[in-house]
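Undergrad: First to last, the sequence lines map onto chains A and B.
Using the numbering used here, count along the first sequence one by one with no gaps and you end on 115.
Using the numbering used here, count along the second sequence one by one with no gaps and you end on 230.
C-beta: ideal position from N, C-alpha, C; glycine also.
Small disclaimer: the values here were computed from a predicted structure and weren't measured.
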Amino acid sequence: ETGVTQTPRHLVMGMTNKKSLKCEQHLGHNAMYWYKQSAKKPLELMFVYSLEERVENNSVPSRFSPECPNSSHLFLHLHTLQPEDSALYLCASSQDGAGGTDEQFFGPGTRLTVL
Amino acid sequence: GENVEQHPSTLSVQEGDSAVIKCTYSDSASNYFPWYKQELGKRPQLIIDIRSNVGEKKDQRIAVTLNKTAKHFSLHITETQPEDSAVYFCAASIYSGAGSYQLTFGKGTKLSVIP
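(1) Could you list which residues in chain A have their beta carbon closer than 7 angstroms to that of B:Arg176, in chain order?
(2) Of all the CB atoms in chain B, is at least one closer than 9 angstroms to the CB of A:Pro8?
(3) Is A:Pro66 close to chain B, meaning its C-beta is less than 9 angstroms from at least one C-beta of that chain?
(4) Is there a Cβ of chain B sitting closer than 9 angstroms to that of A:Glu44, yes or no?
(5) At a cut of 8 angstroms, does the region 121 to 131 of chain B reach the region 23 to 31 of chain A through at least three beta carbon pairs?
(6) Look at the alpha carbon of B:Ala201 and the alpha carbon of B:Gln175, and state the distance between them as a whole number of angstroms.
(7) Report yes or no: is there a C-beta of chain A within less than 9 angstroms of the C-beta of B:Ile136?
(8) Of all the residues that make up the region 77 to 109 of chain A, which are near chain B by a beta-carbon distance shorter than 9 angstroms?
(9) Tell me, please, whether the region 152 to 159 of chain B touches the region 89 to 109 of chain A by the rule of three or more beta-carbon pairs shorter than 8 angstroms.
(10) Specify, as a first and last residue, the run of the beta strand (DSSP E) that A:Ser65 falls within.
(11) Consult DSSP for B:Asp164 and reduce its assignment to one of helix, strand or coil.
(12) Got a sec: is the Cβ-Cβ distance from B:Pro123 to anything in chain A below 9 angstroms?
(13) What separation, rounded to the nearest whole angstrom, lies between the Cα atoms of A:Ser71 and B:Tyr203?
(14) So, for A:Met13: in the same chain, excluding its five sequence neighbours on each side, which residues have a beta-carbon less than 8 angstroms away from its beta-carbon?
(15) Where does A:Pro83 fall in DSSP's three states?
(16) Pick helix, strand or coil for B:Pro149, following the three-state DSSP scheme.
(17) Could you tell me whether the region 117 to 125 of chain B touches the region 55 to 65 of chain A, using the rule of 3 or more Cβ pairs below 8 angstroms?
(18) Please look up how many angstroms separate the CB atoms of A:Ser86 and A:Ala31, rounded, as I've assumed it's under 8 angstroms.
(19) Going by beta-carbon coordinates alone, are B:Ala185 and B:Thr139 separated by less than 9 angstroms?
(20) Could you check where the beta strand (DSSP E) with A:Thr7 kicks off and where it finishes?
(21) Here's the rule I'm using: 16 or more other beta-carbon atoms within 10 Å means buried, otherwise exposed. How should A:Met15 be labelled?
(22) Per DSSP, what are the beta-bridge partners of A:Thr113 in this structure?
(23) In terms of residue numbering, what span does the beta strand (DSSP E) encompassing B:Thr195 cover?
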C-alpha cells in the first residue's frame, strides 16, 4: 500500500452503535488530519495531530473521539452519532508538522451513513 | 477565524476555452493558498499552490494569482480538456496558535468541460 489508506470505505451504523474509522499513511509524514465532507459544504477540519500530539480540535462534538497511537496511524472513534453526521470522512497527512502550510495527501475517505 | 468564499459554485465551459475560479479570504495574515481538484468519487489532490510572498505561479495550463491587498486569489485553467471536469477547492492557511497552522476551504466549484 502506498500513500494514505482508510478503512472501511463504507460504513452504515445505527445511532446507538460504536464504530471506529482507521487511517494509515505510508509517506513518513509528521502531521495527520481528519476532515468531514458534506454535500454543498466546505471541507471541515475536525482534528489535527502533529508528531502524535493533538494540536487542533475545531469544536467537534464529543461523540467523535480521535486517537493517534503513532505517526503512521490515526483513528476516529464514533459513538451515539446523529443522522446529520452522515458524510464522507477524509483523512490526510502532510510532511510539515506545523499543519496547513504544505501539501496535504488525502485518503479515499469513509462514506458514513447514520440511520 | 478565517472565512473563504469561492465563486462560482458551478462553471461550464467549452473544450479549449479558459476557466477562472475566484476565492476571497478574510484574514490578512493568511500565508498559504492551495488549490485541490476532486474528481467524482475520488480523493482531493493538490494541483497548485501559492505563498503570500509570490503574486503569480504557473504550471503548464494551470496558473494561480494572488492579490494580498484585495485578499483574493484565482485559479486559471487554459485550453480546458474533458479530464479537467471535477470539483475544485481553494483554501487559505492561517496560524492557529501553538506552532500550528490550519487550512480553511472554500465550498468548491464544479467545473464541467463540454466536448
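TA: Taking the geometry as given:
(1) Neighbours of B:Arg176 on chain A: none; closest Cβ ~19 angstroms, over 7 angstroms.
(2) no
(3) no
(4) yes
(5) no
(6) 18 angstroms
(7) no
(8) Leu90, Ala92, Asp96, Gly97, Ala98, Gly99, Gly100, Thr101, Asp102, Glu103, Gln104, Phe105, Phe106, Gly107, Pro108 and Gly109
(9) yes
(10) Phe64 to Asn70
(11) strand
(12) no
(13) 29 angstroms
(14) Lys19, Leu78, Leu81, Leu112, Thr113, Val114 and Leu115
(15) helix
(16) strand
(17) no
(18) Between A:Ala31 and A:Ser86 the Cβ distance is about 27 angstroms, and since that is not below 8 angstroms, they are no contact.
(19) yes
(20) Val4 to Thr7
(21) exposed
(22) A:Val12
(23) Run containing B:Thr195: none; DSSP gives neither H nor E here.
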